[in-house]
Amino acid sequence: MTDWTIILRSMRARLFSTATTVATVAVAVALMLVLLTMRDAARRAFDKGGGNMHLLLSRDASPLVSILNGLYYVNSPRAPIQFREYEQFATNPLVEWAIPMQLGDSYRARYPVVATAPEFFTKFKPEPDAEWSFESGYPFAVDFEVVIGAEVARETGLKAGQWITLTHGFPARDGGGAGAAHEHDQFKYTVVGVLNPTGQAYDRAVFTNLMSTWIIHAHDRIEKAHAGEDEHDHDHAHHDHDHEVVTTAADVTDEDKKITNVFVRVKGREGSDSSAVLPMVFDRLRRGQLFPGGVTVAQPKQELDKVWSIVGNVDRIIIAIAAAVLLSSGIAIMLALYNSMEQRRRQIAVLRVLGASRGRVLGLVLTESAVIGLLGAAAGVVLAAVGALVAATIMKREVGLTIDPTLQPVALILVAIGTIVLACLAGLVPALAAYNTSVMRNLRPIG
Amino acid sequence: MSAALNITGLSFSYQSGEQPFRLDLPSLSLASGEQCLLTAASGRGKSTLLALIAGLIDPHRGTIEVAGTNIHSLHGHKRDLFRGRHIGMIFQTFNLLQGFTALENVKAALMLAGHSPRVQQEKAKALLDRLGIARQGALVETLSVGQQQRVAVARAMAVDPVLVLADEPTASLDPENAVAAMDLIQGLCREKNAALLCVSHDPSMASRFARREALNVGEAAASGAPAGGAGR
Numbered sequence: 027m028t029d030w031t032i033i034l035r036s037m038r039a040r041l042f043s044t045a046t047t048v049a050t051v052a053v054a055v056a057l058m059l060v061l062l063t064m065r066d067a068a069r070r071a072f073d074k075g076g077g078n079m080h081l082l083l084s085r086d087a088s089p090l091v092s093i094l095n096g097l098y099y100v101n102s103p104r105a106p107i108q109f110r111e112y113e114q115f116a117t118n119p120l121v122e123w124a125i126p127m128q129l130g131d132s133y134r135a136r137y138p139v140v141a142t143a144p145e146f147f148t149k150f151k152p153e154p155d156a157e158w159s160f161e162s163g164y165p166f167a168v169d170f171e172v173v174i175g176a177e178v179a180r181e182t183g184l185k186a187g188q189w190i191t192l193t194h195g196f197p198a199r200d201g202g203g204a205g206a207a208h209e210h211d212q213f214k215y216t217v218v219g220v221l222n223p224t225g226q227a228y229d230r231a232v233f234t235n236l237m238s239t240w241i242i243h244a245h246d247r248i249e250k251a252h253a254g255e256d257e258h259d260h261d262h263a264h265h266d267h268d269h270e271v272v273t274t275a276a277d278v279t280d281e282d283k284k285i286t287n288v289f290v291r292v293k294g295r296e297g298s299d300s301s302a303v304l305p306m307v308f309d310r311l312r313r314g315q316l317f318p319g320g321v322t323v324a325q326p327k328q329e330l331d332k333v334w335s336i337v338g339n340v341d342r343i344i345i346a347i348a349a350a351v352l353l354s355s356g357i358a359i360m361l362a363l364y365n366s367m368e369q370r371r372r373q374i375a376v377l378r379v380l381g382a383s384r385g386r387v388l389g390l391v392l393t394e395s396a397v398i399g400l401l402g403a404a405a406g407v408v409l410a411a412v413g414a415l416v417a418a419t420i421m422k423r424e425v426g427l428t429i430d431p432t433l434q435p436v437a438l439i440l441v442a443i444g445t446i447v448l449a450c451l452a453g454l455v456p457a458l459a460a461y462n463t464s465v466m467r468n469l470r471p472i473g
Numbered sequence: 236m237s238a239a240l241n242i243t244g245l246s247f248s249y250q251s252g253e254q255p256f257r258l259d260l261p262s263l264s265l266a267s268g269e270q271c272l273l274t275a276a277s278g279r280g281k282s283t284l285l286a287l288i289a290g291l292i293d294p295h296r297g298t299i300e301v302a303g304t305n306i307h308s309l310h311g312h313k314r315d316l317f318r319g320r321h322i323g324m325i326f327q328t329f330n331l332l333q334g335f336t337a338l339e340n341v342k343a344a345l346m347l348a349g350h351s352p353r354v355q356q357e358k359a360k361a362l363l364d365r366l367g368i369a370r371q372g373a374l375v376e377t378l379s380v381g382q383q384q385r386v387a388v389a390r391a392m393a394v395d396p397v398l399v400l401a402d403e404p405t406a407s408l409d410p411e412n413a414v415a416a417m418d419l420i421q422g423l424c425r426e427k428n429a430a431l432l433c434v435s436h437d438p439s440m441a442s443r444f445a446r447r448e449a450l451n452v453g454e455a456a457a458s459g460a461p462a463g464g465a466g467r
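Residue numbers (our numbering), protein chains in the order written: chain X, 27 to 473; chain C, 236 to 467.
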């Protein structure tokens, strides 16, 4: 028999109270851990958003919208940039590289299609110091080849070598009407590569080259023109329309060559992420210079920090609430133990008679409190691991932000230690009551 | 060899209900293995005296020595440990640890007296075996009253105390069990050479003790209680 026997017997004697108290602590700990982990993971996901690009160009209404559309595919950019405008800008000696991009089409009405240049996989890095890596296959090389993100591959089961068709537009966003999104069954794209997860929106994207997208857009333009003719000449019967218009790269006109975004890296010192000319280029672009038709220019890092300052405030409040929940779980421990003191006074008096000191009795109650805290923390960690997984799944599905739901060891240790310290503090009140228990009064014969 | 118990010039004032009382005991000494019955006409003050001897409360005047040690000169955990090692206490209501088994109740006393788990197990089991407690793993509250009292006696005797203090040990028992319990307590004390101070107002006890003392407890006002006494 040791002091632990006494503690365990005491906990067992009030099993219901002990279990509910542990559960209260567990829920509070789990809430705290999930929030801390989510915040951290979200922060990291935001932080690497821009990769090694310096500037994101678009014709969206604001830099922030530009970032949300261009990096997170929240909406399809509306106003296009002509490819020749881009070409003119790309040759600027201040520019290290400029990667054109066309957004707005989709695969299976869920995954955004990113039509871009091969440099996207060679020069642009999704994280400042991490290159693209392929789970299988290789980047697209010719028209109608696609590379798919890790999430697309996982969810659809697509593998390199299979073919898919794409949707012009985004059904969920574009709605019905003249410009309604529609499937292009006649254009088959071959999957040539599957990317490894990046933890970013790229994981949900399908990548192809610009020409493949332009051909489809040219095809639509030609088909629409034919439909117009049909309306003029009804004798020219509809069955005529059924024969497919075959569109190739040769049909693509300058007008069809539209893009929506440009990833830009300006010249700078070798190996340095900062650039002396960046502020100057940024400023000139903002004043409508350098880029022929004018452009919305965004610095991903700055814009994401802006988003974060909004989100960050909200989650500070949430974490404060979680802390309050944790605190109230401490109060629950205190209440449970304090209420038990009424029944325990006699036991404590007996232990004192048998030779236990006041300090030892204090220690017994404090330890019991700490054990409840420890059990609660342990159960909370398990609960949090499950909770984080669920939260990450929801985040991915609803927001498209891929989050690593692994609990942060540091947060985990801090919260666990914090909980046990809190439990000890909570135990102090009942422990002092035990310490001050009068032996004489509680040994008197009952009745 | 020093006496098991030596009280000199003891005085203690306390409040019982509205009434202040004063306990005076000029001298009481018990030799090793000696057994003494203490009675009080008023029925008051006996538990208080036992608490004083056990060092659970401090006297206002006088000294109490147990096995040559003034228990009130010890402080904090030293006094508690001294009590645990040298004094066994038996109560009218047994005061067993509820929710613990018979064996654990005895082991608890040995543990708090500083014995290792192995020694606890050996001693507790041997003693309970001897006292005929078959269901040593049963929770004490499930045992019969007679068995509970035997567990309480075993717990008091397990540490081989110098002095055993028994507070109305038979008051909760039927006559048959009372006789058995007293036989057991007195027999074990004799065997272990422990002094026994038994307080009781049970007249049938008198014949069991060669030595009988009366405790003098009076109203404090009459004998002039010292200022600052407890319970004031």
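All C-beta atoms, glycine included, are put in the ideal place defined by N, C-alpha and C.
Assigned secondary structure, residue i (DSSP; H/G/I helix, E/B strand, else coil)
{"i": "Gln421/C", "result": "helix"}
{"i": "Lys151/X", "result": "coil"}
{"i": "Asn101/X", "result": "coil"}
{"i": "Thr304/C", "result": "strand"}
{"i": "Leu90/X", "result": "helix"}
{"i": "Tyr476/X", "result": "As shown, chain X starts at 27 and ends at 473. That puts residue 476/X outside it, with no answer to give."}
{"i": "Met27/X", "result": "coil"}
{"i": "Trp158/X", "result": "coil"}
{"i": "Met324/C", "result": "strand"}
{"i": "Gly319/X", "result": "coil"}
{"i": "Tyr364/X", "result": "helix"}
Residue-level contact to chain X via CB, residue i, 8 Å cutoff
{"i": "Lys342/C", "result": "yes"}
{"i": "Leu347/C", "result": "yes"}
{"i": "Gly372/C", "result": "no"}
{"i": "Gly252/C", "result": "no"}
{"i": "Asn305/C", "result": "no"}
{"i": "Gly466/C", "result": "Confidence in Gly466/C is poor, its pLDDT being 35 and thus under 50, which makes the residue's placement too unreliable to answer from."}
{"i": "Asn330/C", "result": "yes"}
Cut-off 8 Å between Cβ atoms - residues of its own chain near residue i, not counting five sequence neighbours on either side
{"i": "Leu129/X", "result": "Asn95, Gly96, Tyr99, Ser102, Pro103, Pro138, Val139, Val140, Ala141, Thr286 and Asn287"}
{"i": "Val407/X", "result": "Val55, Ala56, Leu59, Leu433, Leu438 and Ala442"}
{"i": "Gly385/X", "result": "Tyr461"}
{"i": "Leu332/C", "result": "Glu339, Asn340, Ala343 and Val375"}
Short CB-CB distance (under 8 Å) between residue i and chain C
{"i": "Ala417/X", "result": "no"}
{"i": "Gln373/X", "result": "yes"}
{"i": "Thr47/X", "result": "no"}
{"i": "Met466/X", "result": "yes"}
{"i": "Ala460/X", "result": "no"}
Check whether residue i and residue j have beta carbons under 8 Å apart
{"i": "Leu480/C", "j": "Val388/C", "result": "Here chain C covers residues 236 to 467 and nothing more, so residue 480/C does not appear."}
{"i": "Met79/X", "j": "Pro326/X", "result": "yes"}
{"i": "Tyr364/X", "j": "Val220/X", "result": "no"}
{"i": "Gly303/C", "j": "Ser262/C", "result": "no"}
{"i": "Trp334/X", "j": "Arg65/X", "result": "no"}
{"i": "Arg314/C", "j": "Gly349/C", "result": "no"}
{"i": "Leu287/C", "j": "Leu432/C", "result": "no"}
{"i": "Gly475/X", "j": "Val217/X", "result": "Examination of residue 475/X is not possible in this model, given that chain X is present from 27 through 473 alone."}
{"i": "Ala359/C", "j": "Leu338/C", "result": "yes"}
{"i": "Val48/X", "j": "Leu401/X", "result": "yes"}
{"i": "Thr148/X", "j": "Ile398/X", "result": "no"}
Within chain X, the residues that residue i reaches when beta carbons sit closer than 9 Å
{"i": "Ile288/C", "result": "Per Cβ cutoff of 9 Å: no residues; Ile288/C is ~12 Å from chain X at best."}
{"i": "Arg320/C", "result": "Gly381"}
{"i": "Gly280/C", "result": "Those do not exist, as Gly280/C stays about 12 Å from chain X at its closest Cβ, beyond 9 Å."}
Chain X contact residues for residue i, given Cβ-Cβ distances below 8 Å
{"i": "Glu339/C", "result": "Met27, Thr31 and Arg35"}
{"i": "Gly311/C", "result": "Ser383, Arg384 and Gly385"}
{"i": "Pro352/C", "result": "Met27 and Thr28"}
{"i": "Leu291/C", "result": "Arg378, Val379, Val465 and Met466"}
Neighbour list for residue i in chain X, Cβ cutoff strictly below 7 Å
{"i": "Asp315/C", "result": "Arg378, Gly381, Ala382 and Ser383"}
{"i": "Phe335/C", "result": "Arg35"}
{"i": "Gln355/C", "result": "Met27"}
Residue i beta carbon near the ligand PLP (any heavy atom closer than 7 Å)
{"i": "Arg312/X", "result": "Looking for the ligand PLP in the displayed structure turns up nothing, as the structure carries no ligands at all."}
Contact set between residue i and chain C, taken where Cβ atoms lie within less than 7 Å
{"i": "Ala39/X", "result": "Gly334"}
Residues near residue i by beta carbon distance below 7 Å, same chain, minus five either side
{"i": "Arg385/C", "result": "Leu366, Ile368 and Leu419"}
Beta-carbon proximity list for residue i, same chain, < 6 Å, skipping 5 on both sides
{"i": "Asp266/X", "result": "Only weak support exists for where Asp266/X lies, its pLDDT of 46 falling under 50; the coordinates are left without a value."}
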